[in-house]
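Q: Once you know that position 34 of the sequence shown is 19 in this note's numbering, the rest is easy, because the numbers rise by one and skip nothing.
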Amino acid sequence: MNPDEIKKLDDYLKRVLNPTIEVRARPKKDDSAEVYVGDEFIGVIYLDDEDGDRSFNFSMAILDVDL
-14 MNPDEIKKLD DYLKRVLNPT IEVRARPKKD DSAEVYVGDE FIGVIYLDDE
36 DGDRSFNFSM AILDVDL
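Here it is as structure tokens:
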């Protein structure tokens, strides 16, 4: 993902979910970005660029001990 896409995803998630969310580039990865709320890592957004149709998939694991 390029910096412009990461900025657009960051703005979108802040607007629809939580203004404290932050999307950050991943070191040495260009197909995904990390998502944080404050300092807490909550998930990864993956770029799906199959067949020329670009989409983004957000993956968040919720551990049983966190419930």
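In this text, a Cβ means the ideal position worked out from N, Cα and C, and glycines have one as well. Quick caveat, the model's predicted, so the values are computed rather than measured.
Grab me the residues of Ala46's own chain with a C-beta within less than 8 Å of its C-beta, minus the 5 sequence neighbours each way, in chain order.
A: By one-based count along the sequence shown, residue 46 stands at place 61. Here the set comprises Gly28.
Q: Look at the alpha carbon of Asp(-14) and the alpha carbon of Ala10, and state the distance between them as a whole number of angstroms.
A: The residue given as residue -14 occupies position 1 in the sequence shown. The residue given as residue 10 occupies position 25 in the sequence shown. First, the residue type needs correcting, since residue -14 is Met and not Asp in the sequence shown. When rounded, the distance between both Cα atoms is 8 Å.
Q: Would you identify the three-state DSSP class for Gly23, choosing helix, strand or coil?
A: Counting from one through the sequence shown, the residue named residue 23 turns up at place 38. Correct three-state label for Gly23: coil.
Q: Considering only DSSP beta bridges, list what Leu32 is partnered with.
A: Taking the sequence shown and counting its residues from 1, the one referred to as residue 32 is at position 47. Paired residues: Phe41.
Q: I'd like the list of long-range same chain contacts for Glu(-10), defined as Cβ closer than 7 Å, with 5 residues on each side in sequence excluded.
A: Here the question's residue -10 lines up with position 5 in the sequence shown. Closer than 7 Å at Cβ, skipping near neighbours: no residue.
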